[in-house]
Structures are given as C-alpha cells and as structure tokens.
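In the UniProt record's numbering, the protein residues as written are 1 to 186. Glycine residues also receive a C-beta, built at the ideal position from the N, C-alpha and C atoms. The next block holds one structure in the form of structure tokens; read it before the comments.
Here it is in structure tokens:
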C-alpha cells in the first residue's frame, strides 16, 4: 500500500513484512492523499504545497507535477477508466485534468529515446506542445474549501464534499461539467 504524511514523504509498504519498500521525495508540504493507478505503474499524491504529483513507482520518479490550485490540495484521484484526474482544494474549486499526454509519453511500446527520457524527467511539453496534464474543467459552486472529490465508477459523474457542509453531484461530458444536485444535512 501507499501512504503520505506530514513529513512530506510518500512511502510504499509491504503490508506482510510491515516494512517500507521505498520513499518518494518531492512534495514541499503535508501530503493529504495517495492512490495507486488501476492499470499503470503510477501513484498520485495531493499536497498542501498546492500541487498534485504523479509518480512512476517502478522508476521511483515523479513524472508529472500539476499546478493550478491556489490553496492546499486535499484530494486527487485517477478516473477508473479514462485518462483523467479529479482534484479538490481549499481554494473552493474542483479540477478535472486530462492526463492523456502523460500516458502517451510514459506508457508506450515504442523504444525509449533520449528526447522521451528528457521529457519525462523535466515534465515539459514535446515539440508539438502536448502537455502532460491540462485542466479540462474547473468546478465552482462550493462556498468553502473542498475536501473530497471522486469519480463515479461507471457514470460521467463527480461527487464532491466541502467545508460548507454540502455534498455536490456534478455531471461532465467532453466539453463541460455542471452541477446537477446538492445534498445538505451534515
């Protein structure tokens, strides 16, 4: 399993031996969430340093740093099937990121070239401007910081929860995302 802590470190553990296998360094503040990707050798992390990072656990390198939030990032998760990430921040926004550029650069059957190695380590766009991760949607509607966001496992929906004591349901398509319901009661 993977964990992140107030020591700014991400640790991958063997639960049977109860030992840390390795540590990933790069965040500059507390780490709020960590998750494995369902298919690729990736870990996603969200941090109080206002970034989301994607790590390759095989190479033990950070392969992408996503910036854009202007407060702590409380949660970031991979989509269950698509090349998308959702993130929630105390800046009162939820962002949906397209990471298809990252997948194309880091998960391919083509031989590794020097250029692709440099792109992976620097996180810069290639010659045609293909970014690793781009913001696809910014969801605004919470009145306080957002603590949680997750994709529905099969439907084009996002569920968010925030300090405004509200759970919101959002629908998305290729071009936009919009609020469809609000649940109050907490």
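Are there three or more Cβ pairs, one per stretch, closer than 8 Å when the segment 41–53 is compared with the segment 64–74? yes
Alpha carbons only, please: which of 3, 77 and 66 is nearest the one belonging to residue 11? Numbered from 1 along the chain shown, position 11 holds the residue referred to as residue 11. Comparing Cα positions, the closest option is 3.
Please state the DSSP three-state secondary structure of residue 18. Residue 18 sits at position 18 when you count from the first residue of the chain shown. Looking at residue 18 - three-state DSSP - the assignment turns out to be coil, as it is neither helix nor strand.
Determine the burial state of residue 33: buried for a count of at least 16 other Cβ atoms within 10 Å of its Cβ, exposed for fewer. The sequence position of residue 33 within the chain shown is 33, counting from 1. Buried: at least 16 other Cβ atoms inside 10 Å.
Would you mind stating whether residue 156 and residue 175 have Cβ atoms separated by less than 8 Å? Position 156 of the chain shown holds residue 156. Position 175 of the chain shown holds residue 175. For residue 156 and residue 175, no; Cβs fall outside 8 Å.
What's the gap between the Cα of residue 80 and the Cα of residue 21? Translated into positions along the chain shown, residue 80 becomes position 80. Translated into positions along the chain shown, residue 21 becomes position 21. Cα to Cα, the separation comes out at about 26 Å.
Considering residue 136, what are the terminal residues of the beta strand (DSSP E) in which it resides? The sequence position of residue 136 within the chain shown is 136, counting from 1. Looking at the DSSP string, the run of the beta strand (DSSP E) that includes residue 136 is 134–140.
Who are the Cβ neighbours of residue 77 in its own chain at under 6 Å, not counting the five residues just before and after it? Here the question's residue 77 lines up with position 77 in the chain shown. So the list reads 35, 86 and 150, once near-sequence residues are dropped.
Same chain, Cβ closer than 7 Å to residue 179, neighbours up to 5 away in sequence not counted: Residue 179 sits at position 179 when you count from the first residue of the chain shown. Hits under 7 Å: 141, 168 and 170.
Taking the beta carbon of residue 90 as the centre, do at least 16 other beta carbons fall within 10 Å, making it buried, or is it exposed? As a position in the chain shown, residue 90 is number 90, starting the count at 1. Residue 90 is buried by the Cβ-count criterion.
Would you mind listing the beta strand (DSSP E) stretches within the segment 25–65 that are 3+ residues and don't spill past its ends, in chain order? 31–36, 42–47 and 51–56
When the distance is taken between beta carbons, is residue 63 closer than 8 Å to residue 56? Within the chain shown, the letter at position 56 stands for residue 56. Within the chain shown, the letter at position 63 stands for residue 63. Their beta carbons are under 8 Å apart, which means residue 56 touches residue 63 by this criterion.
Flag this pair as yes or no: are the beta carbons of residue 182 and residue 166 separated by less than 8 Å? Counted from its first residue, the chain shown places residue 182 at position 182. Counted from its first residue, the chain shown places residue 166 at position 166. Contact: yes.
Give me the residue from 38, 162 and 59 with the minimum Cα distance to residue 23. Counting from one through the chain shown, the residue named residue 23 turns up at place 23. Among 38, 162 and 59, the Cα nearest to that of residue 23 is on 59.
On the criterion of 16 or more Cβ atoms from any shown chain inside 10 Å, does residue 6 qualify as buried, or is it exposed? Position 6 of the chain shown, counted from the start, is the residue given in the question as residue 6. It is exposed - the Cβ of residue 6 has fewer than 16 other Cβ atoms within 10 Å.
Distance between residue 185 and residue 25 (C-alpha atoms, nearest Å): Translated into positions along the chain shown, residue 25 becomes position 25. Translated into positions along the chain shown, residue 185 becomes position 185. If you take the alpha carbons of residue 25 and residue 185, they lie about 39 Å apart.
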